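Numbering (the numbering used here), first residue to last: 46 to 490. Here is the structure we will look at.
As structure tokens, then:
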């Protein structure tokens with residue numbers, strides 16, 4: 046019989062304690078950021094009816110990337126590939142009693158069947174934050190500002206990344222009135238532009254020719270001219286009074302007033318999902334080592350209405366944990382994170398174990414995280430275990446310590462030790478917390 050593989054499922058990963066500490070650092074920074082804007086946390090099921098993705102997420106996501114199957118009741122369900130349809134369903138269910146505006150967020154895992162590559166996994170973790178019930182540029186600017194804060198609060202500077210902004214209605218106008226494409230051609234061109242930076246220039250041109258067909262000679266120069274537009278002021282004159290252009294101008298002005306200096310207009314930004322209806326945006330890493338999209342979002346006013354209630358104006362953003370980790374790595378922003386445990390208690394002999402156990406209970410009652418070695422091994426092996434686990438302090442317990450209440454506390458990082466009483470030991474340990482989750486000084490807004 047062949048032994049079972051120790052590898053995780055392709056496109057997923059295991060999180061050992063050191064990995065989970067980093068992930069939790071990212072999650073906790075996100076959580077504190079969005080809650081500082083007044084967003085409330087929610088949860089949603091891992092499985093949803095397949096229909097809600099087929100209705101609005103687009104064929105590529107719903108039909109090709111979704112883990113879908115028939116359950117034992119004969120229902121077609123899917124492991125969630127994204128959160129937007131789920132939260133839209135939830136808001137629709139409470140449409141009458143939910144106070145508006147509703148600011149909601151979640152941090153959850155998702156699955157998409159796609160080719161694993163750097164920054165893209167089949168199972169991934171993501172922060173999703175959505176603002177329901179407010180239309181217009183002011184809400185769009187708030188959600189972008191919050192995405193911006195979710196990078197800055199890791200210690201990043203504005204020159205490390207760029208915010209690219211566009212508008213789906215403007216895209217539609219350009220496809221129809223400027224490039225003269227029908228609905229099918231416009232949809233294909235939108236998806237092609239969404240992949241522009243992921244394929245070669247020759248491949249891009251070839252696919253564009255196929256989309257234009259017999260109109261390629263007229264269409265290609267216009268497409269090149271469109272791609273060359275670098276600011277709202279460069280748009281064709283006939284679009285100057287378009288509502289979408291006015292809204293982009295307003296969003297950009299609001300971002301400047303909020304102190305966001307790294308936002309630009311990008312006519313080629315498409316955002317591939319079909320449900321976007323207004324402002325769309327993406328955050329890009331400026332590092333040559335990681336020059337890629339980090340995360341994005343946009344306005345999707347029609348999705349709640351698919352569930353049989355009045356539509357609700359909505360704008361949202363989704364941040365991936367893996368791409369955030371890679372951003373922090375290339376910019377040298379990852380903190381040094383050690384064990385959550387404060388103290389490793391080492392009985393010097395088997396007779397001292399009951400007294401060591403009592404000390405562990407007393408420490409835990411005072412809020413100190415204490416691990417007790419119950420193996421009966423030699424002292425050097427116990428010390429090596431504490432050091433390997435990156436626990437900052439070891440406390441030795443023998444007959445004398447139990448009798449007189451004075452304990453030898455060894456700082457394993459600095460290789461020094463001192464003899465102290467119980468109260469002093471608690472002070473020493475709490476003065477040097479290694480646990481970043483408990484250390485609010487690592488997070489400043």
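The C-beta atom is built at its ideal place from N, Cα and C for all residues, glycine as well. Treat the numbers as computed from the prediction; the structure is a model and nothing was measured.
Grab the span of the alpha helix (DSSP H) containing residue i for me, first residue to last.
i           : result
residue 239 : 228-239
residue 169 : Looking at the DSSP string, residue 169 is not in any alpha helix (DSSP H); the run it does join, the beta strand (DSSP E), is 168-177.
residue 70  : 62-81
residue 186 : 182-197
residue 290 : 288-302
residue 254 : 246-257
residue 381 : From DSSP, residue 381 is part of no alpha helix (DSSP H); its letter is neither H nor E.
residue 130 : 129-138
residue 407 : 398-410
residue 203 : Where residue 203 is concerned, there is no enclosing alpha helix (DSSP H), given that its DSSP letter is neither H nor E.
residue 569 : This structure cannot speak to residue 569, because the chain is shown only from 46 to 490.
For residue i, report the span of its beta strand (DSSP E) as first-last.
i           : result
residue 207 : 206-212
residue 262 : Segment 261-272 is the alpha helix (DSSP H) holding residue 262; no beta strand (DSSP E) there.
residue 464 : 461-466
residue 93  : 92-94
residue 454 : 451-456
residue 123 : 121-124
Which word fits residue i, buried or exposed, when buried means at least 16 other C-beta atoms lie within 10 angstroms of its C-beta?
i           : result
residue 485 : Low confidence applies here, because residue 485 scores a pLDDT of 40, under 50, leaving its location unreliable and the question unanswered by this model.
residue 489 : Unreliable positioning characterises residue 489 in this predicted model, as indicated by a pLDDT of 35, which lies under 50. A coordinate reading is not provided.
residue 437 : buried
residue 455 : buried
residue 60  : exposed
residue 206 : buried
residue 339 : buried
residue 188 : buried
residue 52  : exposed
residue 467 : exposed
residue 110 : buried
residue 481 : Residue placement at residue 481 cannot be trusted, given a pLDDT of 40 that sits under 50; what the coordinates show is reported in the next sentence. Buried: at least 16 other Cβ atoms inside 10 Å.
residue 131 : buried
residue 163 : exposed
residue 420 : exposed
residue 257 : buried
residue 403 : exposed
residue 311 : buried
residue 477 : exposed
residue 141 : exposed
residue 399 : exposed
residue 119 : exposed
residue 475 : exposed
residue 117 : exposed
Given a cut-off of 8 Å, decide if residue j and residue i are closer than it, judged by their beta-carbon atoms.
i           : j           : result
residue 384 : residue 435 : yes
residue 351 : residue 200 : no
residue 401 : residue 408 : no
residue 354 : residue 182 : no
residue 84  : residue 148 : yes
residue 324 : residue 343 : yes
residue 356 : residue 362 : no
residue 405 : residue 417 : yes
residue 55  : residue 161 : yes
residue 335 : residue 372 : yes
residue 301 : residue 290 : no
residue 150 : residue 174 : yes
residue 145 : residue 177 : yes
residue 315 : residue 235 : yes
residue 91  : residue 124 : yes
residue 152 : residue 82  : no
residue 411 : residue 471 : yes
residue 358 : residue 179 : yes
What does DSSP give as the partner residues of residue i in its beta bridges?
i           : result
residue 151 : 173
residue 309 : 209
residue 326 : 210, 342
residue 361 : 175, 343
residue 389 : 416, 439
residue 375 : Partner(s): none; residue 375 has no beta bridge.
residue 162 : 165
residue 113 : 123
residue 85  : 149
residue 156 : 168
Got a sec: is the Cβ-Cβ distance from residue i to anything in chain B below 8 Å?
i           : result
residue 148 : The chain inventory of the structure shown lacks chain B, comprising one protein chain alone.
**OP:** Spell out a yes or no on whether the region 186-202 and the region 266-282 are touching, meaning 3 or more CB-CB pairs, one atom from each, closer than 8 Å.
**Re:** no
Original post:
Given 8 Å as the limit, is there contact between the region 158-176 and the region 209-217, that is, 3 or more CB pairs closer than that?
Top reply: no
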